[in-house]
Amino acid sequence: MDGQDVDFTRAIPGWSQPGLDVSGWARVGLPDLTAEGRLTTSPAPPVRRVQTLAPVAITNPRPGVQVVDFGQIINGRVRLTAPAGQVTLTHGEALGPDGDVTMEHLAAHDHATGTRLDTGQRDRVTGDGGEVFEPRHTTHGFRYVRVEGHDGPLEIEAVVVHTDLRRTGWFRCGDVRINRLHEAAVWSFRGNACDSPPTARSGSAPASPATGRSFCPPRPTSTTSPASR
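Residue numbers (the working numbering): 18 to 246.
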């Protein structure tokens, strides 16, 4: 969940089309799950792409590094038309004094040893150029993305991803500060309906009993999983 590595140069031409010779492929294993319980559908709405954001700024804090600012902290991923070679994408919610993406505020540690841990949020893309990369197996909590390995123009956008809860209420008043605070709360719930996207994402929604009532006006939460109620 900390990131995804994709190497487009290793793709097998026609791998998803009929007629491909798959004689050397191993068969998919079918485990017997009857003793492990019963697989059921979730009562919650599915996780979907709900919005895309264009960059509001792109800076170069040091040679070989570009930092893309999407103007809003989200849970999601990027969609990148990959340049030739390898590109590393590091996602973060804040910038350091040098203008580069920082993870210092997350302060992830091994509780047993006290050792500082790498917070991840890093994707690596390798290709011949022109392939469209959008990770399928991870999301990140971020506003900024550090791009390493390409100094040229970028074709990149942010894809907002979250449980597709239907919004049922809005709020607006004559104080722009309160309006912005309310919208920040809505964005926070959208990105954290499951768990904290930069660090946890355990699917437990542990704060629901304490905060669920405050979420009901903007978005109904009665269809979340029973474990989260």
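Positions of the beta carbon are idealized from the N, C-alpha and C atoms, including for glycine. Computed from a prediction, not measured in an experiment: that's the story for all the values here.
Return no unless some Cβ of chain D is closer than 7 angstroms to the Cβ of residue i.
{"i": "H154", "result": "No chain D appears in the structure shown, which is made up of a single protein chain."}
Which same chain residues, not among the five before or five after residue i, have their C-beta less than 6 angstroms away from its C-beta?
{"i": "S221", "result": "Caution is warranted here: a pLDDT of 48 is assigned to S221, below 50, making its placement in the model unreliable, and no coordinate value can be reported."}
{"i": "G36", "result": "none"}
{"i": "D22", "result": "R141"}
Taking 7 angstroms as the cut-off, decide whether the C-beta atoms of residue i and residue j are in contact.
{"i": "V10", "j": "G93", "result": "Given that the chain is displayed from residue 18 to residue 246, the structure contains no residue 10 and the question cannot be resolved."}
{"i": "G146", "j": "A74", "result": "no"}
{"i": "T105", "j": "E53", "result": "no"}
{"i": "R207", "j": "F87", "result": "no"}
{"i": "T107", "j": "R163", "result": "yes"}
{"i": "T143", "j": "D24", "result": "yes"}
{"i": "D140", "j": "G20", "result": "yes"}
{"i": "Q138", "j": "H157", "result": "yes"}
With a threshold of 8 angstroms on Cβ separation, who are the neighbours of residue i within its own chain once the five nearest residues in sequence on each side are excluded?
{"i": "V149", "result": "R96, L97, T98 and A99"}
{"i": "P78", "result": "V84, D115, G116 and D117"}
{"i": "N196", "result": "F188, R189 and C190"}
{"i": "Q103", "result": "R141, V142, T143 and G166"}
{"i": "L50", "result": "L56"}
Going by alpha carbons, who is nearest to residue i out of the options?
{"i": "G109", "options": "A175, W187, D38 and I195", "result": "A175"}
{"i": "T69", "options": "N196, W32 and E151", "result": "E151"}
{"i": "A71", "options": "E172, L56 and F206", "result": "E172"}
{"i": "T180", "options": "L50, N209 and A201", "result": "N209"}
{"i": "D115", "options": "W32, Q103 and Q83", "result": "Q83"}
{"i": "G186", "options": "R197, T26, I195 and V203", "result": "V203"}
{"i": "T76", "options": "H199, P170 and E200", "result": "P170"}
{"i": "W42", "options": "A111, I29 and L56", "result": "I29"}
{"i": "T155", "options": "S59, P80, V64 and I90", "result": "V64"}
{"i": "E200", "options": "R44, I91 and Q34", "result": "I91"}
Just list the residues that DSSP pairs residue i with in beta bridges.
{"i": "E165", "result": "V82 and T105"}
{"i": "G144", "result": "G102"}
{"i": "T69", "result": "V176"}
{"i": "V23", "result": "V142"}
{"i": "L112", "result": "V118"}
{"i": "T76", "result": "V84"}
Using a Cβ-based criterion (distance less than 6 angstroms to any ligand heavy atom), does residue i qualify as near the ligand HEM?
{"i": "V67", "result": "For the structure depicted, the ligand HEM is absent and the ligand set is empty, with no information on it obtainable."}
Please work out which residues of its chain come closer than 7 angstroms, Cβ to Cβ, to residue i, disregarding the five sequence neighbours upstream and downstream, and give them in chain order.
{"i": "G31", "result": "L37"}
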